[in-house]
Amino acid sequence: MTTRRWTTPPLLSPPKNTTACTCEFCRSGARRWNRWAVARPTAGREPRKDGRGATPLTAVNTRDLHSRGQQHQAGRRDKLITNLLVDESGNIPLVIPARTDDTDELNRLAGRTLDEVLGAAIRGTNLAYAEDARPTSDIRLPRLDEFAMGGLLQMLMLAVTLEGYATGINPFGQPGVEAYKRHMQNELGQ
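Using numbering that gives the first Met the number 0, read the sequence shown as starting at 0 and increasing by one per residue.
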């Protein structure tokens, strides 16, 4: 697993939103886990309500580039975007065919694979963010297997724990969920 940061000016303050982006639907479980893991130790688990901590967001590229991507490119400068990329996807290469009528206007991509197009989309998006001083990082896994996923999850657990401590939040307490649990128990008559 390698991590690469794009060169952008440092944030003046910690990001209020962190976004985990992936390029395939099969990694949606990793995105959901990251959203849960980041929200818990960094979103104010201490009894105080000072508003510190990041709000984790997730996106699937390229599907979300016209919605979430616009937020990142032109919205508030309070986001850190992290792309989760896999070098050996294990997918059978899907080659874009040429069509005689070219009604979809994709003949210019004929002969290229879907992985090539997705890679170009990520690189192009990262370059656009860098031109506008939007911080991004890539986490690259060599392949999607239990060893790589275990390493990724371990790294993310350590990262959110350290982020919690660095911002003065106890990453292992969770008073923010006790109120709904209490009300739910009352509703159930227990």
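All C-beta atoms, glycine included, are put in the ideal place defined by N, C-alpha and C.
Computed from a prediction, not measured in an experiment: that's the story for all the values here.
- Per DSSP, Thr57 is one residue of the beta strand (DSSP E) stretching across 54-59.
- Between Pro141 and Leu79 the beta-carbon gap is near 24 Å, outside 8 Å, which marks them as no contact.
- As computed with DSSP, Arg142 is found in a beta bridge with Glu87.
- The C-beta of Arg67 has 16 or more other C-beta atoms within 10 Å across all chains shown, which makes the residue buried.
- Contact check for Asp63 against Leu93 fails: the beta carbons are separated by 9 Å or more.
- Just so you know, the alpha carbons of Met183 and Pro55 end up roughly 25 Å apart.
- Across the set Leu84, Ile95, Gly167, Arg181, the C-alpha of Leu84 shows the shortest separation from the C-alpha of Asn125.
- Around the Cβ of Leu155, a 10 Å sphere holds 16 or more other Cβ atoms; the residue is buried.
- In this structure Gln69 does not touch Asp131 by the C-beta definition: roughly 12 Å separates them, more than the 8 Å allowed.
- A Cβ-Cβ separation of about 32 Å leaves Thr160 out of contact with Ala120 under the 8 Å criterion.
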